[in-house]
Every structure is written in C-alpha cells, then in structure tokens.
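S.K.: I am attaching a structure below and will ask some questions about it afterwards.
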Amino acid sequence: MESLSPGKDTATRNPVPPATTPYPGRWGVLAVLCIGLFMLLLDSTIVNIAIPSIMESFRTGFSEIEWVINAYLLVFAVSLITMGRLGDMFGRRLLFVSGLTLFSLASLACGLAPSVGWLIAFRAIQGLGGSMMMPATLSIIASVFPPEQRGAAMGIWGGVIGVATAAGPVLGGLIIDGVSFSGLFQGQSWPYIFLVNVPIGIVLFGLSLRIIPESRDTAHSHRLDLPGIVMLSAALFCLTFALIEGQNYGWGSPTILALFGAAAAGLVIFVLVERRQPEPLMRLELFRSRTFSVANICGAVLSAGMMGLFFLLPVFFQSILSYSAIRTGLLLTPLSAAVVVASPLSGWLSDRVGSRWLISAGMLITAAGFLLTRPHFSLGLSTSALLLPFVIAGLGIGLVSAPMTSAVMASAPLAQAGAASGILSTMRQLGSVMGIAVMGAVLQNRVVAYTRAAVGEQLSSLPFIPADVKTTIMDAVGSMASRLGEMRGGGGPGGEGIMAMLPPQLREMVAQLPPQALAFFQKLFSREFFMEQFARAMRTTILVAIIILPVGALLALLIRSHVTRAVPTHATDAAHAASTAHTTDPAQDADPA
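Going by our numbering, the first residue of the sequence shown is number 4, and it counts up by one from there.
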C-alpha cells in the first residue's frame with residue numbers, strides 16, 4: 004500500500020490511496036519538484052560550459068577534467084536505482100530533501116574547491132545527492148496525482164528537462180563571463196556555477212518540508228543489493244580509469260591492462276551475483292526481451308556520442324578558438340533548442356509509427372549533423388556554418404528520446420515499469436561516461452601523435468641539431484600537448500609562454516641556440532601551432548560519434564514497434580520515465596533473444 008501524509012509528519016497515518024484521492028496541494032508539490040529538477044539538470048549543462056575555465060584555473064589537462072564530469076555521472080548512474088528503492092522504503096520526501104541538502108552542500112564545496120582533486124571528490128558527492136533527488140521526483144508525482152492528471156504532470160516534468168537543457172549553455176556563459184569579483188576566487192567566475200545552487204537549495208529545503216507530503220511503499224519488502232552495487236561500481240571505476248588515464252600510463256602498461264582485466268572480471272561477477280539476488284540492482288530477466296535489450300543499448304550509444312561531443316565542444320570553442328563562455332553558450336543554443344522542439348513531436352509520432360523507425364532515423368540524422376560539423380573544426384571557423392549542422396543534430400537527438408523510452412516501457416511487464424525505466428536511465432548515464440572517456444582518450448592520443456609528427460617534420464629541416472636532442476624535444480612536446488589548461492592560461496599568441504612549459508634542461512638547451520634557430524623554435528612552440536594540432540585531433544575524434552551512431556541505428560531495426568499507448572500507474576525507481584512512457588501488453592514482446 005502507498006502511504007502518504009502531509010506536512011512534517013513522516014509516519015503512515017491517514018494513508019490516502021493516490022489513485023482515488025488526489026492530494027490537494029499537488030500542483031504546489033509539482034512546482035517545488037520541478038524547481039529542484041531544473042537546478043539539478045541545469046548544473047550538469049552549465050558545468051560543460053565551465054570546463055575550459057576550470058582547466059585554466061587549475062592549469063590541468065584532459066585526464067583530470069574528464070573526472071570532473073565522470074565522477075558525477077558514475078556515482079549518479081550506479082546509485083540511481085538504489086536510491087529509488089530507499090525512497091520507497093524510508094520515504095520519498097525524506098530522500099528528496101536529503102538529496103537536496105547533500106547536493107547543495109556539495110555545490111558549496113565545489114565552488115570552494117582548492118584543487119582539481121577536491122573538485123572531483125565534491126562532484127562525486129554531488130552525483131550522490133542528484134541520484135537521491137531524481138527518482139524521488141517521479142515517485143512523489145505518482146503518489147500525489149490521480150491517474151487522469153498524472154500524464155499532464157509528467158509532461159510538465161519532461162518539459163522542465165527540455166528547458167534546462169536549452170537554457171544551460173546560455174546561463175552558464177552569462178555566469179562565467181558576467182560574474183567576477185576580483186577579491187574572490189582570484190577573479191575566476193566558474194565557482195559561481197556551483198555556488199548559485201546554495202540559495203536555491205535553502206529555499207527549496209523549507210518549501211519541501213512544508214508542501215511535499217511524505218509517502219512510501221508499504222506493500223512490498225525492499226532489500227538493498229549491496230554486492231551488486233559494489234561489483235558494478237568497482238567494474239565501472241576500473242574501466243573508466245583505464246580509458247581516461249590510458250594516455251598517461253601507456254595503453255600497454257601493466258596498470259592499464261590490469262584495470263581492463265579487472266573491469267571485465269567485475270562485470271562478469273556482477274552478472275553472476277545479480278542472478279542470485281532476490282531483489283537485484285538490475286533485473287537481468289528484463290534483458291531476455293530483444294526490444295528491451297536493444298533499446299537500452301541504443302540509449303547508451305546515443306548518450307555516448309552525444310555527451311562525448313558535448314564535453315569537447317566547449318573546450319574547442321573556448322580553449323582553441325578563444326571564444327567567450329557566453330558566445331559558446333549562444334553557439335550551442337540552436338542544438339539544444341532543436342532537441343526541445345523535436346522531443347514532443349517524437350512522442351506523438353511514436354504512438355503512430357512505432358519506436359523502431361524513429362530511433363533509427365533519429366540516430367542517423369544525429370550522425371549526419373555531426374558529420375556536417377566536422378570540416379569546420381579549424382582555426383578559421385565561421386560560426387554561422389555550424390547553425391544548420393547543429394539544428395540537424397538536435398532534431399535527430401530529439402527524435403530518439405521519447406520512442407526509446409516507449410520501447411523500453413512497452414517491453415517490460417507493467418509491475419516492473421519502475422525497474423525498467425531505472426535501467427534505461429542508468430544505461431544512458433553509463434553511456435555518457437563511456438562516451439566522454441573514449442572520446443577524451445582518442446583526443447589525447449591524437450593530439451600527442453599529431454604534435455609529435457608535426458614537430459618531427461619541422462625538426463627534420465634542421466640537420467645541425469643532434470638526433471638525441473630532436474628525440475628529447477619531441478618527447479617533451481608530446482607530454483605538453485595534453486596540458487591544454489596551461490596553454491590556455493599562459494601560452495599567449497607567441498611561443499614564449501609555451502616554451503616556459505618545457506623542462507628546465509630543454510629550455511636551457513634551446514636558449515643557447517643561434518638566433519636563427521631560436522626564432523625557429525619560438526615559431527614552432529607558438530600557441531597557433533599547438534592549437535592547429537588540437538583542431539586536427541578534434542576532426543578525428545568526432546569520427547567516433549559519427550561511426551557509433553549508425554551502428555546504433557542498425558541495432559534499432561531489431562526493436563519491435565509498439566503503437567498502442569497506456570501510461571503505467573506507478574513510478575518507483577524511474578528517472579527517465581515521463582509522459583513518454585508508453586506500454587502495451589508485455590506478452591507481445593516476449594522474444595527471448
């Protein structure tokens with residue numbers, strides 16, 4: 004039975020079945036939940052815009068900055084389903100308020116972080132707070148709204164996601180470029196993208212305790228799958244660490260190979276553990292449905308291609324082209340706006356033509372949009388040339404999300420709708436982690452390779468420099484290539500700033516060269532030279548998304564299309580099940596493969 008009590012009472016007195024007696028303050032509850040959701044999602048999109056500023060502030064490279072994003076996503080993904088269950092067990096308002104408090108405190112800590120290492124740690128705590136808030140929002144909506152109003156409420160919930168996605172880049176740019184107090188944070192603006200959450204969190208804390216009723220699921224016993232949580236977390240951490248740090252340690256090093264092996268072993272053990280758990284973290288029996296499995300894979304593939312590129316675009320615009328944060332945000336707005344426009348249309352079309360064709364077409368359209376952007380990744384970029392490719396990519400992304408959720412929900416038994424949507428959300432978050440890690444690894448590898456090759460070609464024209472000195476120079480330049488934060492902060496237009504990044508012995512060696520040779524090295528070590536190699540590496544890296552998205556489009560053809568719509572009556576662990584959750588008789592999709 005659902006228990007629901009208003010105000011500060013957290014007990015189960017006066018239980019009100021939400022399906023028959025709507026909670027009188029339900030629209031106020033929805034407003035509070037949507038503001039919390041907006042803050043949560045806005046933070047994610049704003050952080051992408053702030054990445055170049057954080058790199059410059061801490062003078063750090065790609066490996067560390069990837070962890071700023073992935074620490075949040077990893078913890079969020081692994082904790083999402085578990086937190087949904089904790090809300091059912093101990094109270095959904097309690098979990099939402101606890102997550103809001105943790106998220107706000109972690110935001111304060113992120114803004115005050117003294118180093119990138121501390122920032123990564125606090126971002127992980129933010130992810131834990133976010134994972135507590137997200138599933139609670141849908142569960143509370145399901146508990147306070149009657150079935151005839153639940154679709155409208157979840158439609159508003161889904162609309163907030165679209166607005167936050169579209170507004171994030173611009174608001175992030177406004178904060179980064181428009182907020183600066185010389186006496187605070189050494190004049191840096193990026194801390195304010197985190198600090199802005201604190202006053203909002205304080206207001207929401209009071210409103211939540213006053214307006215949101217407590218509810219929990221007393222009809223079922225709930226157990227936490229601690230072995231599953233530990234094994235999945237360990238396996239994903241090993242895999243992510245290996246992908247992010249492979250360039251630094253060496254891809255063939257014992258450490259990286261051991262991490263890949265540990266990740267594979269951990270995932271196998273996780274599957275074995277889940278088969279024996281009475282209430283597993285992931286209900287693996289759902290994957291017996293071909294549609295369920297393929298739709299989840301497509302969700303991971305789309306997120307990998309999309310988030311991997313979204314992570315790199317602000318870096319390219321701000322660190323390589325020296326665009327301002329607000330200009331970067333405005334440049335990305337057409338893409339986000341196209342997603343918002345296409346998403347409702349895809350939900351309408353999904354009811355009429357089925358999920359398979361929309362998912363496949365959407366992923367192909369997204370790949371086409373990314374392909375059209377590729378030639379423009381150069382130092383002579385014309386921003387107007389990106390408008391059409393970004394709109395095309397955004398329309399493709401928007402076409403996929405609702406049909407994907409429809410396919411997942413339609414292929415799962417109604418009683419497991421919450422578990423099904425929770426798995427989809429987890430898979431999409433994990434796809435984001437893998438996309439950022441893989442595309443970041445490709446970018447680092449190509450930057451080093453292209454820089455070494457270009458420097459070697461230039462040095463070959465100087466026969467008076469000994470071969471061992473050339474090798475030393477190439478090794479030093481290769482190690483510098485991924486330190487984009489230092490180049491952005493101190494490189495300058497000439498070579499003096501970047502030459503200062505060379506090892507002391509090499510700097511002394513170069514300084515003793517004849518004037519003609521010294522001028523050559525100053526030109527060789529110019530910021531423009533290094534940025535051109537980054538642009539080349541970006542053109543290669545985007546191929547990852549361009550290649551994997553058509554693969555996902557082909558896989559989508561294996562999905563069984565469902566065109567009959569029925570909204571599930573209960574949302575427990577869901578994070579991505581909104582008004583687009585369409586279900587049919589699960590027996591129609593009982594394909595064992």
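For glycine and all other residues, C-beta sits at the position ideal for the given N, C-alpha and C.
All figures in this text were calculated on a predicted structure; none of them were measured in a lab.
#1: Measuring only the C-alpha atoms, how far is F41 from G204?
#2: Using 8 Å as the threshold, is the C-beta distance between I178 and V163 below it?
#3: Excluding sequence positions up to five away, which residues of its chain have a Cβ less than 8 Å from the Cβ of G401?
#4: Which two residues bound the contiguous alpha helix (DSSP H) that contains V304?
#5: Would you mind listing the alpha helix (DSSP H) stretches within the segment 315-370 that are 4+ residues and don't spill past its ends, in chain order?
#6: Between the Cα of I310 and the Cα atoms of V356, A548 and C301, which residue gives the shortest distance?
#7: For Q280 versus D228, is the C-beta distance shorter than 8 Å?
#8: Check whether the segment 130-140 and the segment 31-50 touch, using three or more Cβ-Cβ pairs below 8 Å as the test.
#9: Expressed to the nearest angstrom, what Euclidean distance is found between the alpha-carbon atoms of L45 and G165?
#10: What's the gap between the Cα of A265 and the Cα of S236?
#11: Please report how far the alpha carbon of P317 lies from the alpha carbon of P150, in whole angstroms.
#12: Check whether the segment 327-338 and the segment 453-470 touch, using three or more Cβ-Cβ pairs below 8 Å as the test.
#13: Which residue's Cα is closest to the Cα of A261: C241, I272, R278 and L270?
#14: Exposed or buried, which one is D91 when buried takes at least 16 other CB atoms within 10 Å?
#15: Since A540 is in the alpha helix (DSSP H), which residue starts that stretch and which ends it?
#16: Count the other C-beta atoms from every protein chain shown that fall within 10 angstroms of the C-beta of E217, then say buried if there are 16 or more, exposed otherwise.
#17: Taking the alpha carbon of L389 as the reference point, which residue from L427, S110 and T331 has its own alpha carbon closest?
#18: If you run the structure through DSSP and keep just helix, strand and coil, what is M285?
#19: Let me know if P202 comes out buried or exposed under the rule of 16 or more other beta-carbons within 10 Å of its beta-carbon.
#20: Note the first and the last residue of the continuous alpha helix (DSSP H) segment covering S107.
#21: According to DSSP, is Y26 helix, strand or coil?
#22: Rounded to the nearest angstrom, what separates M442 and A479 at their Cα positions?
#23: Where does the unbroken alpha helix (DSSP H) through T142 begin, and where does it stop?
#24: Suppose the cutoff is 8 Å on Cβ atoms and the five residues either side in sequence are ignored; what does the same chain contact list for L83 look like?
#25: Would you grab the beta carbon distance between L103 and C113 for me? Rounded to a whole angstrom, and I think it's under 8 Å.
#26: With respect to the alpha helix (DSSP H) encompassing I3, which residues constitute its N-terminal and C-terminal limits?
#27: Under three-state DSSP, which class holds D228?
#28: Going by DSSP, what residue range makes up the alpha helix (DSSP H) through S404?
#29: I68 and I52 - do their beta-carbons sit closer together than 8 Å?
M.R.: Taking the geometry as given:
#1: The residue you call residue 41 lines up with position 38 of the sequence shown. The residue you call residue 204 lines up with position 201 of the sequence shown. Using only the alpha carbons, I get a separation of about 11 Å.
#2: Residue 178 sits at position 175 when you count from the first residue of the sequence shown. Residue 163 sits at position 160 when you count from the first residue of the sequence shown. For the pair I178 and V163, the CB atoms are not nearer than the 8 Å cut-off.
#3: Position 398 of the sequence shown holds residue 401. Around G401: A341, V342, V343, V344, A345, S346, L348, S349 and G365.
#4: The residue labelled residue 304 in the question sits at position 301 within the sequence shown. Residues R293 to V318.
#5: Listed in chain order, the complete alpha helix (DSSP H) runs (minimum 4 residues) inside the segment 315-370 are 328-356.
#6: Within the sequence shown, residue 310 is the residue found at index 307, counting from 1. What sits at residue 310 in the sequence shown is Met, not Ile. Checked all of V356, A548 and C301; the closest Cα to M310 is A548.
#7: Here residue 280 is taken as the residue at index 277 of the sequence shown, counted from 1. Here residue 228 is taken as the residue at index 225 of the sequence shown, counted from 1. Yes, these two residues count as a Cβ contact at 8 Å.
#8: Flag = yes, the segment 130-140 and the segment 31-50 touch.
#9: In the sequence shown, the residue the question calls residue 45 occupies position 42. In the sequence shown, the residue the question calls residue 165 occupies position 162. C-alpha of L45 to C-alpha of G165: approximately 10 Å in a straight line.
#10: By 1-based counting over the sequence shown, the position of residue 265 is 262. By 1-based counting over the sequence shown, the position of residue 236 is 233. About 12 Å.
#11: Translated into the one-based positions of the sequence shown, residue 317 becomes position 314. Translated into the one-based positions of the sequence shown, residue 150 becomes position 147. Roughly 42 Å separates the two Cα atoms.
#12: In short, these stretches do not touch, since the Cβ pair count stays below three.
#13: Residue 261 sits at position 258 when you count from the first residue of the sequence shown. Per the Cα distances, C241.
#14: The residue you call residue 91 lines up with position 88 of the sequence shown. Sixteen is the threshold: when 16 or more other Cβ atoms of the shown chains lie within 10 Å of the Cβ of D91, as they do, the residue is buried.
#15: In the sequence shown, residue 540 corresponds to position 537, counting from 1. Per DSSP, the unbroken alpha helix (DSSP H) holding A540 starts and ends at R530 to A559.
#16: Taking the first residue of the sequence shown as position 1, residue 217 is located at position 214. By the neighbour-count rule (16 or more Cβ atoms within 10 Å), E217 is buried.
#17: Within the sequence shown, residue 389 is the residue found at index 386, counting from 1. Put simply, of L427, S110 and T331 the residue whose alpha carbon is nearest the alpha carbon of L389 is T331.
#18: The residue given as residue 285 occupies position 282 in the sequence shown. Under the three-state reduction of DSSP output, M285 falls in the coil class, being neither helix nor strand.
#19: Numbered from its first residue, the sequence shown carries residue 202 at position 199. Classification for P202: exposed.
#20: Here residue 107 refers to the residue found at position 104 of the sequence shown. Start and end: R95 to G114.
#21: Within the sequence shown, the letter at position 23 stands for residue 26. Here Y26 carries a coil assignment [DSSP, helix/strand/coil].
#22: By one-based count along the sequence shown, residue 442 stands at place 439. By one-based count along the sequence shown, residue 479 stands at place 476. Approximately 23 Å, taken between the alpha carbons.
#23: The residue labelled residue 142 in the question sits at position 139 within the sequence shown. What sits at residue 142 in the sequence shown is Ser, not Thr. Where S142 is concerned, the enclosing alpha helix (DSSP H) stretches over V119 to V147.
#24: Here residue 83 refers to the residue found at position 80 when the sequence shown is read from its first residue. Cβ neighbours of L83 beyond the five flanking positions: S134, M137, P138, G425, S428, T429, Q432, D576 and A578.
#25: Translated into positions along the sequence shown, residue 103 becomes position 100. Translated into positions along the sequence shown, residue 113 becomes position 110. No, L103 and C113 are not in contact; Cβ-Cβ is about 15 Å, not under 8 Å.
#26: Given that the chain is displayed from residue 4 to residue 596, the structure contains no residue 3 and the question cannot be resolved.
#27: Here residue 228 refers to the residue found at position 225 of the sequence shown. Assigned with DSSP and collapsed to three states, D228 falls in coil, not helix or strand.
#28: Taking the sequence shown and counting its residues from 1, one reaches residue 404 at position 401. For S404, the enclosing alpha helix (DSSP H) stretches over residues L390 to A413.
#29: What you label residue 52 is simply residue 49 of the sequence shown in a count that begins at 1. What you label residue 68 is simply residue 65 of the sequence shown in a count that begins at 1. Their beta carbons are not under 8 Å apart, which means I52 does not touch I68 by this criterion.
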